[in-house]
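Visitor:
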Amino acid sequence: MKRTLTKTADGSFTLYVPEIDEHYHSIHGALQEAEHVFIQNGVDSFKHQKVVHVLELGLGTALNAYLTYVWAEKRAVKVSYVGIEAFPVAPEIVRKCLEVLGEDDLRVLDFFEHLRFEETQSLGHFFEITPRNCKWQDTVYLEKFDVVYYDAFGPRAQEELWTLENFNIAYQALKTGGILSTYCAKGQVKRDLKSVGFFVETLPGPPGKREMVVAVKTVISA
């Protein structure tokens with residue numbers, strides 16, 4: 156899969172995939188989108204817990220994972236993070252994307268640049284991550300996570316990941332009271348999330364997007 160490094164409106168980088176005419180993040184601001192959708196309206200909902208378990212669909216450039224690490228250090232909350240990625244990004248690209256954010260701690264840059272798939276690795280006192288090189292459809296977790304970052308390519312480019320079956324994987328993986336956070340607020344996506352059993356909230360989106368979605372698991376999985 157060919158990928159081209161592209162600067163977004165807030166100065167942060169994303170990747171462009173010509174094959175599907177899609178970017179990894181919003182061209183209006185990759186950093187702003189990630190902070191708004193996955194940090195402020197995702198993991199920060201659990202800031203009063205001692206430990207938060209996060210599952211991400213689309214580890215990509217590790218932007219969301221990095222921001223979650225920063226959040227964990229700031230809040231002094233332990234985070235156990237699993238990132239699913241079918242097509243890993245080259246390590247040097249991951250580093251470049253973090254350097255442009257102003258991160259200058261070589262220990263942090265080296266950690267994210269050299270993430271080892273299928274191994275649990277720790278950074279600092281509050282963050283551990285297990286990157287997994289597999290498809291979302293191959294994951295099986297039962298009531299383990301507090302938050303799912305649903306960060307696949309949009310339905311136009313990757314329709315197969317925006318289905319009832321795949322939303323159900325997220326639903327089963329979440330604890331009761333857990334949330335799925337996503338930048339996509341299309342009507343069909345919201346209807347399908349409700350069909351799976353989520354309570355769906357439509358919230359103001361990040362720059363360039365009118366809305367985003369937070370879906371809450373309100374009942375125990377069958």
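Taking this note's numbering, the leading residue of the sequence shown gets 156, the next gets one more, and so forth. Glycine residues also receive a C-beta, built at the ideal position from the N, C-alpha and C atoms.
#1: Would you say Ala220 faces chain D, with C-beta separation under 8 Å as the test?
#2: Per the DSSP calculation, Gly238 is bridged to which residue(s)?
#3: Tell me, to the nearest whole angstrom, how far the beta carbon of Gly238 is from that of Ile284; I am working on the premise that it is less than 8 Å.
#4: Under DSSP, the alpha helix (DSSP H) around Ala325 begins and ends at which residues?
#5: Would you identify the three-state DSSP class for Ile334, choosing helix, strand or coil?
#6: Leaving aside the five residues before and after Pro173 along the sequence, list all residues of the same chain whose C-beta is less than 8 Å from its C-beta, in chain order.
#7: Going by the CB atoms, is the gap between Leu210 and Tyr296 shorter than 8 Å?
#8: Take Tyr171 and list the residues in its own chain whose beta-carbon comes closer than 6 Å to its own, dropping the five residues that flank it on each side.
#9: Could you tell me the distance, in whole angstroms, from the CA atom of Arg271 to the CA atom of Asn288?
#10: Do you know how far the Cα of Asp260 is from the Cα of Val374?
#11: Can you find at least 3 beta carbon pairs, one from the segment 224-237 and one from the segment 329-346, that sit closer than 8 Å?
#12: With a cut-off of 8 Å on the beta carbons, I'd call Val207 and Val198 a contact; round off their distance for me.
Guide: A quick look at the data gives this:
#1: Of the protein chains in the structure, only one exists, and it is not chain D.
#2: What you label residue 238 is simply residue 83 of the sequence shown in a count that begins at 1. Looking at the DSSP assignment, Gly238 forms a beta bridge with Glu211 and Pro286.
#3: One-based indexing of the sequence shown puts residue 238 at position 83. One-based indexing of the sequence shown puts residue 284 at position 129. Gly238 to Ile284, Cβ: 6 Å. Contact.
#4: Reading the sequence shown from its first residue, position 170 is the one you call residue 325. Per DSSP, Ala325 belongs to the alpha helix (DSSP H) from Leu319 to Ala328.
#5: Locating residue 334 in the sequence shown gives position 179, counting from the first residue. Reduced to three states, the DSSP call for Ile334 is strand.
#6: Locating residue 173 in the sequence shown gives position 18, counting from the first residue. Excluding positions up to five away in sequence, the list reads Lys157 and Thr159.
#7: Counted from its first residue, the sequence shown places residue 296 at position 141. Counted from its first residue, the sequence shown places residue 210 at position 55. A contact, by the Cβ cut-off of 8 Å.
#8: As a working mapping, residue 171 is identified with position 16 in the sequence shown. Counting only Cβ-Cβ distances below 6 Å, and skipping sequence neighbours, we find Thr159, Thr161 and His178.
#9: Along the sequence shown, one-based indexing puts residue 271 at 116. Along the sequence shown, one-based indexing puts residue 288 at 133. Answer to the nearest angstrom: the Cα atoms are 10 Å apart.
#10: As a working mapping, residue 374 is identified with position 219 in the sequence shown. As a working mapping, residue 260 is identified with position 105 in the sequence shown. Going by the C-alpha atoms only, they are around 42 Å apart.
#11: no
#12: Stepping through the sequence shown from its first residue, residue 207 is reached at position 52. Stepping through the sequence shown from its first residue, residue 198 is reached at position 43. Going by Cβ atoms, the distance from Val207 to Val198 rounds to 6 Å, so yes, they are a contact pair.
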